[in-house]
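Chains as they are written, first to last, in this note's numbering: chain A, 1 to 308; chain B, 1001 to 1420.
Just so it is clear, CB atoms sit at the ideal spot from N, CA and C, and this is done for glycine as well.
Model, not experiment: these values are computed from the prediction.
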């Protein structure tokens, strides 16, 4: 009688049995999952909690303030927030499209066989390798309104009759930020597309040629469809990068002039560190996160349908 | 057995003694500052630390640099995490949020206990919050004017003494020297790229001279006035006529001046350090500013956190009083090149190393007597929001060509909204 429960217990914890191997898997990945949860979910929960309190500067270990939706009410009634959304959207569209076009063009170029191809590939990837802050400092000098390279070139070429006030004109400031972002972001698209191009079997192109397809037709009907899985992921990552990028705008324009380059990231920073409104900053951060999730889901869903 | 017991007791006593010694030796005060490697001022702080450590055996001060551009962020994070430095060094426009949160120790009992007379201590009233002293003003300065003698002589001009002559000199010396369509030499120079606080300080040169200010002594907003319209008009003139390089940080503007590419520069005592290293060093002359009262203001403060242990508070207060001592108030001038806030500081002979030092003192006194400060009364708690609002409305005026008379009404309404 006494042997039966022992045998049962042994059977229950016999994780080597094929039917219970998944339990062993869960146990093995549990530490990693818990760690990821702590690193990702805990700060998110803190931010969510903070966004539901009227708090200027939070302090660890102090009592929680009463629950309120004031921060979200303020956010959705604030013209600043809707303007930041519009600026972010404009920047995402402009930078993502330009990165796609320039990145794809350079990838197609360096995918060809020519002398110095290796050097060209290295040159293409260089902006990606340069630390973002260094790139921005260089661009800040080139966009200098009094002595900058771009203004000087514009005057010398007769495009402008005076130096361009890159940072103190809303339109120029937006383009200064966008150009810097494209320069920094297009190599990632190039590298991803190049990897995608090299995975397309050359037989497809040979067969299409035999059928009389021209270069444009081959690009339209072979290259683009087969690159769609890569392009989908690349565009999601590029979009998210533009969405959350902070340092380029902060160093170049600080979100100005007249908030013409103030994205949601800059607004979050300003609310937290400039105005010490951490509750409001957390609300902006949470809304940004929700927008990012929705955008990612929509773009990945679109990619899945585009593959054949 | 008795011998063993005796040995154990002796061992325990020795251990206790060693541990007590180690605990004292381990007393370390954290001191974070953005001035650690500022020429002169950084050395002055270090000399104060050395003197403090020499007089407090077993106590060390960990002097760490945090960059000025992210300084408020760093301090906010440290305070929010409950781990502030024991010696709190803050700019005079940012300590208010810490004081308002109740994180700074009221210093009145400490001042009273030490018997320090704060009468006439320049800028000290800025440290008052809700009737309590929460910090000690370390620096109060007055703006001076520096001009490039060579540029003025070549143009046949005299140094300006008022707004009209200032504008005339600035217009006459702003030039495209090589005819390539790009200005190479500017009449004057202002930072228009940095933070909003600095933007307001630059504007203040013209606003104060026009007789305007943001608020009155009671904290009422006083922007919608004819004087403010005049002040904004002057700023608009300087920017619109491109008499200053635009979108430049303060250090870049100072460098231009130091290298002989600018005729006039209105700035604080720190300009001297840059001009001494510049190409045009020998052509630069310091003079009284043409505007009255001169821009002046509190610069930085020392404080201590409210929730550190009492023994640490006593040590921090010892350090603060050391920096306030006559000896260190003197070296603040001789070593740091700054105007000491103490009214009794002995600054005799400083002009031997800093020839224009009497001028710095004169403008500091003039600004202090006129009650000038960069942080307006009644808006000190919202200074960041206020300064950003003023900067944006001024930029709107410049970009959209709005009339100053229209802009002051918007500024007035928005400033009143901030005050609630």
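Can you round the beta-carbon distance between residue 176 of chain A and residue 264 of chain A to whole angstroms, since I take them to be within the 8 Å contact cut? That pair is no contact at about 19 Å.
Assuming residue 1052 of chain B and residue 1322 of chain B form a contact by the criterion Cβ under 8 Å, report the distance between their Cβ atoms to the nearest whole angstrom. 6 Å
Would you mind reading off the limits of the alpha helix (DSSP H) that contains residue 1396 of chain B? 1383-1400
Give me the residue from A/62, A/232, A/90 with the minimum Cα distance to residue 298 of chain A. A/232
Determine the DSSP secondary structure at residue 1028 of chain B, reduced to helix, strand or coil. strand
Taking any Cβ of chain A, which residues in the region 1100-1114 of chain B have a Cβ under 7 Å from it, in chain order? 1101
According to DSSP, is residue 1047 of chain B part of a helix, a strand, or is it coil? helix
9 Å Cβ cutoff met for residue 1301 of chain B and residue 1095 of chain B: yes
Considering only their Cβ atoms, is the gap separating residue 1189 of chain B from residue 1244 of chain B smaller than 9 Å? yes
Is any beta-carbon of chain B found at less than 9 Å from that of residue 274 of chain A? yes
Using Cβ-Cβ distances below 9 Å, what residues of the region 1054-1071 of chain B are close to chain A? 1070
Tell me whether residue 64 of chain A, by its Cβ, gets closer than 8 Å to a heavy atom of the ligand NAP. The ligand NAP is not part of this structure, which contains no ligands at all.
Put residue 22 of chain A into one of helix, strand or coil per three-state DSSP. helix
Roughly how many angstroms lie between the CA atoms of residue 217 of chain A and residue 196 of chain A, to the nearest whole one? 18 Å
Beta-carbon separation of residue 40 of chain A and residue 278 of chain A under 9 Å? no
Could you pull the start and end residues of the alpha helix (DSSP H) that residue 1265 of chain B belongs to? Element bounds for residue 1265 of chain B: not the alpha helix (DSSP H) but the beta strand (DSSP E), 1264-1267.
Using 8 Å as the Cβ pair cut-off and three pairs as the minimum, do the region 1361-1378 of chain B and the region 1194-1206 of chain B touch? yes
Residue 308 of chain A at chain B interface by Cβ criterion, 9 Å: Residue confidence for residue 308 of chain A is low, a pLDDT of 44 falling below 50, so the modelled location carries little weight and cannot support an answer.
Residue 64 of chain A CB to nearest chain B CB: under 9 Å? no
Going by the beta-carbon positions, is the gap between residue 240 of chain A and residue 154 of chain A smaller than 9 Å? no
Is residue 1061 of chain B closer than 9 Å to residue 1319 of chain B when the C-beta atoms are compared? yes
Does the distance from the C-beta atom of residue 1295 of chain B to that of residue 1147 of chain B stay below 9 Å? no
Exposed or buried, which one is residue 215 of chain A when buried takes at least 16 other CB atoms within 10 Å? exposed
Let me know the secondary structure DSSP gives residue 159 of chain A once reduced to three states. coil
By the 10 Å Cβ neighbour count, where 16 or more other Cβ atoms means buried, how is residue 246 of chain A classified, buried or exposed? exposed
Taking all protein chains shown into account, decide if residue 1089 of chain B is buried (16 or more other Cβ within 10 angstroms of its Cβ) or exposed. buried
Check this for me: beta carbons of residue 1290 of chain B and residue 1162 of chain B, under 9 Å apart or not? yes
Can you pull the chain B residues whose beta carbon is under 7 Å from the beta carbon of residue 61 of chain A, in chain order? 1082
Where residue 1106 of chain B falls: helix, strand or coil (DSSP): coil
Please classify residue 1021 of chain B as buried or exposed, where buried requires at least 16 other C-beta atoms within 10 Å of its C-beta. A caution first: residue 1021 of chain B carries a pLDDT of 49, below 50, which makes its placement in the model too unreliable to give a value.
Which chain A residues sit within Cβ distance under 9 Å of residue 1404 of chain B? Within chain A, no residue comes near residue 1404 of chain B; the closest Cβ sits about 17 Å away, beyond 9 Å.
Return the residues of the region 46-58 of chain A that lie within a Cβ-Cβ distance of less than 9 Å from chain B, sorted by chain order. 56, 57, 58
According to DSSP, is residue 1186 of chain B part of a helix, a strand, or is it coil? strand
Whether or not the region 1203-1210 of chain B and the region 1395-1415 of chain B are in contact is what I'm after, with contact meaning three or more pairs of Cβ atoms, one per stretch, closer than 8 Å; do they touch? no
Where residue 53 of chain A falls: helix, strand or coil (DSSP): strand
Under 8 Å Cβ to Cβ from residue 271 of chain A, same chain only, skipping five residues before and after it: list those, please. 277, 278, 280, 281, 284
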